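> Can you keep this structure in mind? I'll have questions shortly.
Right, dumping it as structure tokens:
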């Protein structure tokens with residue numbers, strides 16, 4: 265799968281990250297604005313203090329304006345250590361008394377008559393913050409306004425603002441990373457039920473068409489309902505198909521019985537040896553067809569029983585013995601040694617007598633037909649929490665690589681040679697519905713090849 | 346010869362028409378090896394004091410020739426202002442004892458910042474904006490004539506000096522020397538700081554000085570020369586380095602570090618913003634601030650240092666800074682107040698009115 269698949273996790277985390285980034289950007293911008301305001305307020309006080317000191321040094325002596333520059337004003341401004349200072353004192357006539365004559369605040373001087381006026385401007389190639397103070401002075405030639413303009417470069421303000429902003433940025437960055445990490449963890453945690461549901465689906469037995477009952481959060485219930493709805497429909501379909509197969513088999517059986525009877529009525533005496541051989545083949549094929557039809561019917565029966573009947577306590581000895589009797593024909597080869605060995609303490613399992621008997625009979629039948637050459641043993645044992653029916657024979661057995669396949673329907677190791685391919689499938693289905701399995705044990709020194717069915721013991725038996 | 350040139354320079358400066366042509370005393374130090382670079386120093390600092398430093402710098406940089414021009418402080422300032430405005434050639438480094446003028450230059454954007462390992466070692470009071478650095482440590486002292494002033498009478502503080510002059514005004518008439526603060530930027534800076542440091546004492550001292558008809562001279566060395574000549578018994582506000590150099594040559598001179606407070610001046614060094622070879626100027630600045638440069642300065646040029654003890658024969662506490670009487674003149678914006686035109690004019694007028702009795 266080379267195409268890029270979008271993941272829920274990535275989608276959520278990406279969107280949260282975008283939101284966090286936008287949030288962080290706006291927070292940092294706000295912090296920067298705040299820091300600038302704070303720095304301006306702090307240093308504006310120094311500036312205003314210095315301007316006041318200078319303004320108060322304006323005095324009138326003998327009707328003339330006198331001004332003595334207070335060094336303390338500069339010491340105050342010097343607290344912003346790296347900043348340059350410019351000032352200008354203007355007398356009521358509008359001419360510069362002292363200082364930098366070309367220092368011009370942005371706002372008109374007269375605006376400061378209502379109070380100190382702050383402003384930003386550029387002076388001598390540097391950005392400066394200015395403050396303008398006014399003072400009414402009465403001189404010989406009447407009352408007029410004199411002004412004090414003090415300007416300071418903004419290095420200290422910028423340094424303070426950038427320091428505050430840097431700290432805020434650091435905090436915001438840490439918070440954003442924490443939030444993003446937390447989101448990732450939370451999303452991973454919240455999406456876990458999806459994985460659980462996926463695992464439950466994946467681990468399901470392919471045969472299992474019962475509705476799912478995983479414990480999922482509310483958001484996933486529609487999803488699971490849809491899956492279950494789909495499973496139900498599939499189940500109905502499969503049942504319909506099985507019924508069709510069963511009905512067909514049933515319909516075939518009647519003419520087949522007639523056909524067998526008719527074949528047996530043919531008088532062989534008048535036949536040429538060739539014809540006789542052909543007749544023998546027809547007989548064998550008819551028998552095979554009959555058995556196959558029976559198996560189809562049995563399979564349908566087994567499935568039907570599990571759909572409709574309740575499980576009950578069943579003695580494994582009993583059921584195995586019945587199966588043994590059913591499967592070993594009276595006409596068994598006299599050279600064949602067959603034996604049945606019941607368990608000493610009769611294991612009781614929860615199951616359906618008929619289905620289980622059919623399953624065991626199929627395994628015995630298979631061993632008899634394809635395996636055993638001179639010996640066949642059926643043994644009932646108890647193995648831990650399981651009851652087990654073992655069918656062993658002295659035949660060549662089934663190679664290990666075929667074990668997985670033989671339980672599939674219509675699969676045979678020796679195709680076309682009398683194999684029905686349904687026997688193990690029926691046995692396997694019955695075992696798995698009862699919570700057990702069908703298993704194989706390899707032929708070894710002093711031990712025959714063995715096929716076994718194991719089914720969990722009934723609850724009260726296990727103790 | 347030098348005195349003559351200096352007087353000439355002052356004379357020229359006093360003539361307004363001649364103000365455009367500012368002349369200083371030029372000295373040339375050819376390079377030790379083949380000349381690769383030429384450093385131009387404009388200074389308001391005694392050449393004799395700078396000579397060992399320049400020579401030692403040339404030991405380190407044999408390819409550097411040094412063009413040294415010495416001005417009086419006010420000329421240096423006017424020259425630098427012109428240079429900053431692009432009207433005349435700028436030096437690669439400015440050295441001035443009148444640091445308030447350098448602060449004014451830096452404030453007006455005429456300085457270039459420089460940071461290095463050496464500059465970061467300079468004390469905070471001797472560094473403004475990484476543009477002006479104080480590279481010397483010079484206490485401001487009294488110098489007296491041992492022949493004319495008995496040890497018991499020697500004043501040990503500004504207060505005592507004022508009292509002495511008040512007690513015996515006739516005895517000291519025309520026998521006290523100090524800077525002419527109108528002609529000398531350093532003189533003005535020191536007087537201004539005196540007035541800020543101890544306003545009352547300063548007022549009394551000025552009054553006493555006026556009563557004794559104080560002799561004023563443009564420069565340290567001229568004041569010291571008056572003492573050596575026997576014309577003046579005591580000089581007030583003399584830079585320690587000049588005083589010590591003179592005392593070494595003339596054992597009749599005694600030096601007192603005033604015990605109430607001692608102003609400490611640090612000569613300023615500044616790289617002008619339009620220096621032609623700022624990198625070379627910065628190298629010389631680094632040299633001046635380096636431990637090697639300071640050692641040479643202490644040994645041969647300025648004799649005092651911030652960390653070391655007072656040189657032998659100087660009357661005062663063992664360590665100026667630790668004793669707490671040292672008042673370093675902080676290189677910073679507060680010096681702008683001294684540079685204000687009105688401030689300067691009114692301060693000098695007040696001073697002149699008192700000292701010259703006008």
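Residue numbers (my numbering), protein chains in the order written: chain A, 265 to 727; chain B, 346 to 703. For glycine and all other residues, C-beta sits at the position ideal for the given N, C-alpha and C. Treat the numbers as computed from the prediction; the structure is a model and nothing was measured.
1) In whole angstroms, what separates the C-alpha of residue 505 of chain A from that of residue 534 of chain A?
2) With H, G and I counted as helix, E and B as strand and the rest as coil, what does DSSP make of residue 304 of chain A?
3) Quick check on residue 789 of chain A: does DSSP put it in helix, strand or coil?
4) Counting along the chain, where does the alpha helix (DSSP H) carrying residue 506 of chain A start and finish?
5) Mapping DSSP to helix, strand and coil, what is residue 614 of chain A?
6) Just curious, the beta strand (DSSP E) that residue 390 of chain B is in, first and last residue?
7) Nearest chain B C-beta to residue 427 of chain A closer than 8 Å, yes or no?
8) Helix, strand or coil for residue 427 of chain B, going by three-state DSSP, please let me know.
9) Step through the CB atoms of chain A and report whether any lies within less than 8 Å of the CB of residue 457 of chain B.
10) What is the DSSP secondary structure of residue 467 of chain A, counted as helix, strand or coil?
11) Do you know whose CA, among B:571, B:532 and B:416, lies nearest residue 692 of chain B's CA?
12) Shorter than 8 Å from the beta carbon of residue 687 of chain B to some beta carbon of chain A?
13) Using beta-carbon positions only, say whether residue 644 of chain A and residue 687 of chain A come within less than 8 Å of one another.
14) Name the residue from B:662, B:616, B:667 and B:404 whose alpha carbon lies nearest to the alpha carbon of residue 475 of chain B.
15) Can you pull out the residues from the region 375 to 388 of chain A whose beta carbon lies closer than 8 Å to at least one beta carbon of chain B?
16) If you follow the beta strand (DSSP E) that residue 489 of chain B is in, where does it begin and where does it stop?
17) Against chain A, with Cβ distances strictly below 8 Å, would residue 610 of chain B count as a contact?
18) Do residue 600 of chain B and residue 592 of chain B have their C-beta atoms closer together than 8 Å?
19) One question on the structure: do residue 646 of chain A and residue 607 of chain A come within less than 8 Å of each other, judged by their Cβ atoms?
20) Along the chain, where does the alpha helix (DSSP H) that runs through residue 499 of chain B open and close?
21) Anything in chain B within Cβ reach of residue 331 of chain A, meaning under 7 Å, just list it in chain order.
22) Would you report the Cα separation of residue 317 of chain A and residue 349 of chain A, rounded to the nearest angstrom?
23) Indicate the three-state DSSP secondary structure (helix, strand or coil) for residue 600 of chain B in the structure shown.
24) Kindly list the residues whose CB is nearer than 8 Å to the CB of residue 607 of chain B, restricted to its own chain and excluding five residues on each side of it in sequence; keep chain order.
25) Does the beta carbon of residue 696 of chain B sit closer than 8 Å to a beta carbon anywhere in chain A?
26) In chain A, which residues lie with their C-beta within 9 Å of the C-beta of residue 661 of chain B?
27) Just checking my contact of residue 416 of chain B with residue 403 of chain B at CB under 8 Å: how many whole Å lie between their CB atoms?
28) With contact counted as at least three CB pairs below 8 Å, one residue from each stretch, are the region 563 to 577 of chain B and the region 422 to 436 of chain B in contact?
29) Do the CB positions of residue 477 of chain B and residue 629 of chain B come within less than 8 Å of each other?
30) Using DSSP with H/G/I as helix, E/B as strand and the rest coil, what is residue 476 of chain A?
31) At a CB-CB cut-off below 7 Å, which residues of chain B make contact with residue 362 of chain A?
32) With 16 as the cutoff for other CB atoms within 10 Å, does residue 651 of chain A come out buried or exposed?
33) Run through chain B and tell me which residues come within less than 7 Å of residue 339 of chain A, C-beta to C-beta.
34) With a threshold of 8 Å on Cβ separation, who are the neighbours of residue 554 of chain A within its own chain once the five nearest residues in sequence on each side are excluded?
35) Against chain D, does residue 541 of chain B count as a neighbour if the rule is that its beta carbon must be under 8 Å from one of theirs?
36) Within the continuous alpha helix (DSSP H) that includes residue 637 of chain B, where are the two ends?
Looking at the atomic coordinates:
1) On the first chain, position 241 is the one that residue 505 of chain A refers to. On the first chain, position 270 is the one that residue 534 of chain A refers to. Between residue 505 of chain A and residue 534 of chain A, the C-alpha separation is close to 45 Å.
2) In the first chain, residue 304 of chain A corresponds to position 40, counting from 1. When secondary structure is reduced to three states using DSSP, residue 304 of chain A falls in the helix class.
3) The displayed coordinates of chain A run from 265 to 727. Any statement about residue 789 of chain A would go beyond what the structure contains.
4) Looking up residue 506 of chain A in the first chain gives position 242. Run containing residue 506 of chain A: 485 to 529, per the alpha helix (DSSP H) assignment.
5) For this step, residue 614 of chain A is matched to residue 350 along the first chain. In this structure, residue 614 of chain A counts as strand in the three-state DSSP scheme.
6) Counting from one through the second chain, the residue named residue 390 of chain B turns up at place 45. Run containing residue 390 of chain B: none; DSSP gives neither H nor E here.
7) Numbered from 1 along the first chain, position 163 holds the residue referred to as residue 427 of chain A. The beta carbon of residue 427 of chain A does not come within 8 Å of any beta carbon belonging to chain B, so the residue lies off that interface.
8) Numbered from its first residue, the second chain carries residue 427 of chain B at position 82. In the structure shown, residue 427 of chain B sits in a helix (DSSP, three-state: H, G or I).
9) Your numbering for residue 457 of chain B matches position 112 in the second chain. False, the Cβ-Cβ gap to chain A never drops below 8 Å.
10) Here the question's residue 467 of chain A lines up with position 203 in the first chain. In the three-state scheme derived from DSSP, where H, G and I count as helix and E and B as strand, residue 467 of chain A is classed as coil.
11) Position 347 of the second chain, counted from the start, is the residue given in the question as residue 692 of chain B. For residue 692 of chain B, the closest of B:571, B:532 and B:416 by C-alpha to C-alpha distance is B:532.
12) Residue numbering aside, residue 687 of chain B sits at position 342 when the second chain is read from its first letter. For residue 687 of chain B, the nearest CB of chain A lies under 8 Å from its own CB, placing it at the interface with that chain.
13) Counted from its first residue, the first chain places residue 644 of chain A at position 380. Counted from its first residue, the first chain places residue 687 of chain A at position 423. No, these two residues do not count as a Cβ contact at 8 Å.
14) Sequence index remark: in the second chain, residue 475 of chain B carries index 130 (1-based). It is B:616.
15) For the region 375 to 388 of chain A, residues whose beta-carbon sits nearer than 8 Å to a beta-carbon of chain B comprise 388.
16) Sequence index remark: in the second chain, residue 489 of chain B carries index 144 (1-based). Residue range 483 to 490 is occupied by the beta strand (DSSP E) that includes residue 489 of chain B.
17) Taking the second chain and counting its residues from 1, the one referred to as residue 610 of chain B is at position 265. Chain A places no beta carbon closer than 8 Å to that of residue 610 of chain B, leaving this residue out of the contacts.
18) Residue numbering aside, residue 600 of chain B sits at position 255 when the second chain is read from its first letter. Residue numbering aside, residue 592 of chain B sits at position 247 when the second chain is read from its first letter. Yes, the pair counts as a contact, with Cβ atoms nearer than the cut-off.
19) By 1-based counting over the first chain, the position of residue 646 of chain A is 382. By 1-based counting over the first chain, the position of residue 607 of chain A is 343. In this structure, residue 646 of chain A places its C-beta atom within 8 Å of the C-beta atom of residue 607 of chain A.
20) Mapped onto the second chain, residue 499 of chain B falls at position 154. Annotation for residue 499 of chain B: no alpha helix (DSSP H) segment contains it, and DSSP assigns it neither H nor E.
21) For this step, residue 331 of chain A is matched to residue 67 along the first chain. Under the 7 Å cutoff, chain B gives 687.
22) By one-based count along the first chain, residue 317 of chain A stands at place 53. By one-based count along the first chain, residue 349 of chain A stands at place 85. Roughly 15 Å between the two C-alpha positions.
23) Sequence index remark: in the second chain, residue 600 of chain B carries index 255 (1-based). Correct three-state label for residue 600 of chain B: strand.
24) Counting from one through the second chain, the residue named residue 607 of chain B turns up at place 262. 484, 485, 486, 661, 665, 670, 671 and 672, listed in sequence order.
25) The residue you call residue 696 of chain B lines up with position 351 of the second chain. Not an interface residue.
26) Translated into the one-based positions of the second chain, residue 661 of chain B becomes position 316. Neighbours of residue 661 of chain B in chain A, taken as residues whose beta carbon is under 9 Å from its own, are absent, since the nearest beta carbon is some 27 Å off.
27) On the second chain, position 71 is the one that residue 416 of chain B refers to. On the second chain, position 58 is the one that residue 403 of chain B refers to. Not confirmed; about 22 Å, so no contact.
28) Result no; under three Cβ-Cβ pairs closer than 8 Å.
29) Within the second chain, the letter at position 132 stands for residue 477 of chain B. Within the second chain, the letter at position 284 stands for residue 629 of chain B. No, the Cβ-Cβ distance between residue 477 of chain B and residue 629 of chain B is not below 8 Å.
30) Here residue 476 of chain A refers to the residue found at position 212 of the first chain. Residue state, collapsed to three classes: coil.
31) Position 98 of the first chain holds residue 362 of chain A. Against chain B, the beta carbon of residue 362 of chain A has neighbours under 7 Å at 685, 686 and 687, listed in chain order.
32) For the purposes of this step, residue 651 of chain A is taken as the residue at position 387 of the first chain. Of the residues assessed, residue 651 of chain A falls on the buried side of the cut-off, its CB having 16 or more other CB atoms within 10 angstroms.
33) Locating residue 339 of chain A in the first chain gives position 75, counting from the first residue. Here the neighbours are 679.
34) What you label residue 554 of chain A is simply residue 290 of the first chain in a count that begins at 1. Counting only Cβ-Cβ distances below 8 Å, and skipping sequence neighbours, we find 517, 520, 521 and 524.
35) Although the question refers to chain D, the structure presented lacks it and instead comprises the protein chains A and B.
36) Along the second chain, one-based indexing puts residue 637 of chain B at 292. Under the DSSP assignment, residue 637 of chain B falls in the alpha helix (DSSP H) whose first and last residues are 636 to 641.
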